[in-house]
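Trainee: Here it is, the structure, as structure tokens.
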Amino acid sequence: MRCRTTRPTPAASTNCARVAGMSRRSFIRHFPAEAGMGFAEWRRRLRLLLTRQLMAEGVSVTEAAIALGYGSASAFIAMVRRELRVTPRRIAGLRVPAQTAGMAVALSASR
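Numbered according to this note's numbering, the sequence shown spans residues 3 to 113.
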């Protein structure tokens, strides 16, 4: 069983809590001590890493938006521009910050 976290719903944290054998409340409360950040921030960073990976693989912007749980390509593009100040196509060549590089292990678990 995997913790699927790319879609921004309360069910994501509930699912991850179930995988961890915890209640949702306990999971959310204990997550920062283990990850160094809250669950929502961790999930946001994971989605950005997945975006970079998908773009590097040549996936279309629309396909990436759907895979990451966005309702439209324009919402996905807006998130990438807001967070990274570049378009999705340009992020394939960007370096991953050291603080998020350790999260790359989670990429295979969430896809």
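Ideal placement from N, C-alpha and C gives every residue a C-beta, glycine not left out.
These numbers were taken from a predicted model, which means no experiment stands behind them.
Under a Cβ-count criterion, where at least 16 other Cβ atoms within 10 Å of its own Cβ denotes burial, should residue 15 be classed as buried or exposed?
Mentor: Under this definition residue 15 is a buried residue.
Trainee: Taking only three categories from DSSP, how would you classify residue 61?
Mentor: Looking at residue 61 - three-state DSSP - the assignment turns out to be coil, as it is neither helix nor strand.
Trainee: Using the rule of at least 16 other Cβ atoms within 10 Å of the residue's Cβ for burial, across every protein chain shown, is residue 89 buried or exposed?
Mentor: By the 10 Å Cβ count, residue 89 comes out exposed.
Trainee: If you follow the alpha helix (DSSP H) that residue 86 is part of, which residue opens it and which one closes it?
Mentor: First-last of the alpha helix (DSSP H) with residue 86: 75-86.
Trainee: So what's residue 13 in DSSP terms, helix, strand or just coil?
Mentor: It is helical.
Trainee: Please classify residue 104 as buried or exposed, where buried requires at least 16 other C-beta atoms within 10 Å of its C-beta.
Mentor: In this predicted model, residue 104 has a pLDDT of only 46, less than 50, meaning its place in the structure is not dependable; the value taken from the coordinates is given anyway. Exposed, by the Cβ-count rule.
Trainee: Assuming residue 28 is part of the alpha helix (DSSP H), what are its boundary residues?
Mentor: Taken as a continuous stretch (DSSP letters only), the alpha helix (DSSP H) holding residue 28 covers 26-37.
Trainee: Among 46, 73, 36 and 91, which has the Cα closest to the Cα of residue 85?
Mentor: It is 46 whose Cα lies nearest to the Cα of residue 85.
Trainee: Do residue 33 and residue 44 come within 9 Å of each other at the CB atom, strictly closer than that value?
Mentor: Yes, they are a contact pair.
Trainee: Output the distance between the C-alpha atoms of residue 63 and residue 51, rounded to the nearest integer angstrom.
Mentor: If I take the Cα positions, the gap works out to 14 Å.
Trainee: Output needed for residue 91: all residues of its chain with C-beta closer than 8 Å, excluding positions within five of it in sequence on either side, in chain order.
Mentor: The answer, listed in chain order, is 57 and 63.
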